[in-house]
Structures are given as structure tokens and as C-alpha cells.
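Just so we're aligned: 485 in full-length UniProt numbering is position 485 of the sequence shown, and the numbers increase by one with no gaps anywhere.
One structure is given below, encoded as C-alpha cells.
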Amino acid sequence: MTSDVTMAPATAGPSTTPAPATTTSSTNPAPVPNKDSRIHTHSHIKGLGLSPEGHALPTGQGFVGQAQAREALGLHLGLLRSGKYSGRPLLLVGPPGTGKTALSLALSQELGARVPFCPMVGSEVFSGEVKKTEVLSGGFRRAIGLRIKETKEVYEGEVTELTPAEAENPLSGYGKTISHVIVGLKTAKGTKQLRLDPTIYESLQKERVVVGDVIYIEANTGAVKRVGRSDAYATEYDLEAEEYVPLPKGDVHKRKEIVQDVTLHDLDMANARPQGGQDIMSVMGQLVRGGRTEITDKLRREINKVVDRYIEQGVAELVPGVLFIDEVHMLDMECFTFLNRALESPMSPYVVLASNRGNCVIRGTETEGLGQAGIVSPHGIPMDLLDRCMIVRTYPYKRDEVKHVLETRCRVEGLDVSPEALDKLAEEGVNSSLRYALQLLTPASIIAKMSGRNQIDVQDIGEMNSLFLDAKRSAGVLLEQEGKGAWATYGRR
């Protein structure tokens, strides 16, 4: 193993922005875009919803309730930003459906988009391809970012000319080949015409560069980066999915500071299967060609040495992110032992754990054949790891909070609900769960439309209750029918 470690960032593909959901009203059935529309369960969470003094607002940034937990995470966030909290995990505990995952996502939103956030579930570590500790190591490395800064000589400007020159193919008498390419670049200060190697023309084709795009070409490597479309073409179409950027200032040939964020896991994968190129900002090829690669500790140590050297030189900056492990009680004793060691590492991210269990058996401590049930511990976590954690509790939602969440969801999804039906749904949320009450909204609206109404009434909620069972009623039915009829036959199978 040599010390030549590729410090190459992952190539970012074109971002795809999901289309906003739509809402409808009884007076205007045409879909109307709504920026609050929900794409998935937690897409409405924008932050912790705290005041500048750190107090939890009644409703803010998508959050309702859980004031104590949000204020505790706000204090935790201040410790994270000060860089004084690495290696001290945070544990979120509470019943199911009380917002533990939403709290972790809000924490990542508060940290910012450039801070790595790696969510995973405890059962993900059980893979047939790699070891459990390898999966956890990959999660730790994904949650540690490296902000690389480098000053490079580049040619930057708006493309005014893109002309490939053809020549006879010297290897064969048939066909032609690209001998060079002429590229014209324009800035606010002047223009310049470049004669480039044919390999750079291939890079231009991969970036799909056309006349009118703003690009920059690195002078030492020939790497091409498309920045966007020049804003001079912003009125070319009425509707276009393009990012418009202003015309670059200064000369075409300039020195420019380039900043890019990568994770340590990106560097691990790039060096596990090297693609060539030893420049710190050279573009990485394909990271993995299929399957999961197990990375050795020796390679990680070599990468850490190179990272430390770049940090000492001021070229790079370490950015600790957040590793969120949901359903942490699904880990076994081997994983918990690894977590204890990993948290003491100098390169450790901020770790947030979540569990909805009380006292339960630690997985991996059961002894088959000897009749031993295993070690029982709070939340299914060993006491030595539990002693390291700062524990934040979440509480079941109150009736007013459930009603406010339902009102927000109705507004987001464009549903018209009568006050009596809303009270009925809030009662269902308290008696069963908030998730069950939210799941009744859309089917109830379909029933109302089938009845010729645009508003959801109490009878629609009652019909939903006759068609569907919540978890508590389903468990009650099983208890009543225990040992009877088909249930007894099914149980013997």
C-alpha cells in the first residue's frame, strides 16, 4: 500500500427537483401549485422551530408540540456548531409516532445543506455481502465531510464558439477523427479563442456544453465544468428547466479558488478502486461498478494520513456531520462494542440514536439451547453505551396538538373538513395514534366525493372506521378470537 491516495470529489449529477403537489378547492377544481405540499412524510420539516432565544414556538418550521425535545436539540445544536460535542451521542426515546425521526431531520436542516447527514436503520447492518462493523464504518465515514479549497488556473467564460476540426484517421483509411477543437470564451472584460486537445472535446460532450453555456476549464488537468446557462439567454424560452448564471467577470484566464465538499467515504471508495488522476480536485470516475466493496483498515489509515496532511497545510477543512441510527435496539452486542470504540476516535461525527422500546433484551445476548433469555437493558442498549448518551424524551401528542397537525395536513393536501369531522379525527388520534388519524384523511375525501360532497363529514369518518381497524382494535379482535375458529387453525401452522 502506497501513500498516494486519490483526493477526488464525487461527480455531482444533474439535480432533479420534484414537481410540487397540487391542491384543489370546491369552487375551482383545477390543480393549483402549493409550495407547502407534502412529497413524503417529513418533507414539511424545515427546522426545529425555535425562537432566537432558543425557546420552542407553538408551531414553527413544520413542527407542532414536543417543546422540551426541540429546546434540548436546540442546545445540542449550539454545542455542535461550537465543535465541542464530537463523540457524545444523543439518544431520542419515546413511543412510536412521537416525532423522533422528524427531530433528527430538523437537526440536519438547522446544520445546513453542506453538513453531511447520514440516516440509517439498525437492521441495515445485517448484510450478506459485508461485515456488520463495515456497514457501521461506512456510515461513520459518510457522516464526516471534507471541504477542499484549492486555487487553480482556469479558463472561464461564456462559450461563443465550439468548432471541432476533423482530420484523416492515421490508423485507417476510412473515416475521420477529431484533431482539435476551437472554443471561444467571453467574459465581461474580453474574449479569448482556445485550441484544445481532442480529449477535452470528449469532456465537453459529456458535460453537454453548447454555445451560450458558462464553463470553466482547468489549465493543468483539462477538466471541464459546466456552471450553467448564460443569463443573456434567459428570455429565449417561456419555460425552461435551466439554471441561469451571470456572465463571468475579469479575464478569461484567471486564478480561481475552487471549493468542493466530499465525504471520507467518497475518498475510501475512490481509492478502493482507483480510476486514475492524483490531483486533489480531479474528477472521480465511477465509484463502484456493482456490489459492495469492503474497505480495509489499512487503506482508511492511509487516507486519514493524507487528510491530516492537507488539513495542516490549510488546503482542506474537516466538517463533522450527523450520523442518525433509527431503531438502534436492532443492533447486536458486536455492533454496540464497535460503537463504543468508534465514538472515541478523533475522526468521529455527531451521532444521534433513536429507539421506541422500553426495557428489552439486548440483541445478541440470547443463548440458544441453554434457556437464557439474554441481558435486559433500557431501550435495548448496553449500560456502558447508554452512560455515554444524553437522552431526550418525546411524549405522545395532546388532543389540541393532534388537531393542529390535522388542520395543517388538510391545508397542505387541499381537503375541506367540517369542524365536527375534525374533532372526530382528533379523538381518533388520541385514542389510537396520530398516524392512523392522518391515514384516514385521503380515503375519507374519496368517500365524500363518491357521495357528491366536497366536504368531509362525520359520517365519512365513521365509514372509514367500519372499513379499517387501528392497531389497538385489531389487537382486541385477536384477543377476543384467541383459540377460536380460523385464528386457532392459523396459529397452529
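We treat Cβ as the ideally placed atom computed from N, Cα and C, and that holds for glycine.
Nearest neighbour of V430 by Cα position, chosen from A69, D268, E401 and V125, turns out to be E401. For Q109, the uninterrupted alpha helix (DSSP H) run begins and ends at K100 to L111, by DSSP. Taking a C-beta distance under 9 Å as the contact criterion, G47 and F63 qualify as a contact pair. Between the alpha carbons of Y310 and N304 lies a gap of roughly 10 Å.
In this structure A421 does not touch E428 by the C-beta definition: roughly 10 Å separates them, more than the 8 Å allowed.
Boundaries of the beta strand (DSSP E) harbouring H253: H253 to T263, taken from the DSSP string. Around R409, the same chain offers L438 and L441 as residues with beta carbons nearer than 7 Å, after the five sequence neighbours per side are excluded. 9 Å or more divides the Cβ of P96 from the Cβ of N359.
Taking a cut-off of 8 Å for Cβ pairs, the region 151 to 163 and the region 199 to 218 touch, as three or more such pairs fall below it.
Between the region 211 to 226 and the region 186 to 193, the count of C-beta pairs closer than 8 Å stays below three; the two stretches do not touch.
Here the C-alpha atom of S127 lies approximately 13 Å from the C-alpha atom of M330. Secondary structure remark: continuous alpha helix (DSSP H) runs of at least 4 residues inside the region 392 to 471, in chain order: 399 to 413, 419 to 431, 434 to 439, 441 to 450 and 458 to 467.
Cβ contact annotation for V154 (same chain, cutoff 7 Å, sequence separation greater than five): Y216, I217, E218, A219, K254 and K256, in chain order. In the structure shown, Q193 adopts extended strand secondary structure according to DSSP, grouped into three states. Taken through DSSP and simplified to helix, strand or coil, K298 comes out as helix. Membership of G184 in any alpha helix (DSSP H) is not indicated; the residue belongs instead to the beta strand (DSSP E) covering K176 to K186. Straight-line measurement puts the Cα of I295 at about 8 Å from the Cα of M269. L318 has L146 as its beta-bridge partners, per DSSP. The way I'd put it, the region 376 to 394 does touch the region 64 to 77; three or more beta-carbon pairs between them come closer than 8 Å. G139 counts as buried, since at least 16 other C-beta atoms from the protein chains shown sit within 10 angstroms of its C-beta. Comparing alpha-carbon positions, the option among L385, A354 and S51 lying closest to L343 turns out to be L385. Distance from the CA of K298 to the CA of A143, rounded to the nearest whole angstrom, comes to 20 Å.
In this chain, D384 is not harboured by any beta strand (DSSP E); it is covered by the alpha helix (DSSP H) spanning M383 to L386.
In terms of Cα proximity to V319, the closest of A102, G145 and V125 is G145. Sorting V417, S123 and P116 by C-alpha distance to the C-alpha of R147 places P116 at the top. Comparing alpha carbon positions, the residue from A232, A106, L478 and P378 closest to H76 is A106. Shown here, T235 sits in coil according to DSSP, grouped into three states, outside any helix or strand. Comparing C-alpha distances from V259 to each of V224, K149 and T365 shows the shortest one belongs to K149. Under DSSP, G228 shares a beta bridge with V214.
With 16 or more other Cβ atoms inside 10 Å of its own Cβ, L91 counts as buried.
DSSP links I325 through a beta bridge to M120 and L353.
Secondary structure at G65: coil, using DSSP grouped into helix, strand and coil. When C-alpha distances from R435 are compared across G222, E327 and P396, the shortest belongs to P396. DSSP, read as helix, strand or coil, puts V130 in coil. Spanning the alpha carbons of A232 and P246 requires a straight line of approximately 8 Å. Short of 6 Å from the beta carbon of K472, and not among the five residues preceding or following it, lie these beta carbons of its own chain, in chain order: S432.
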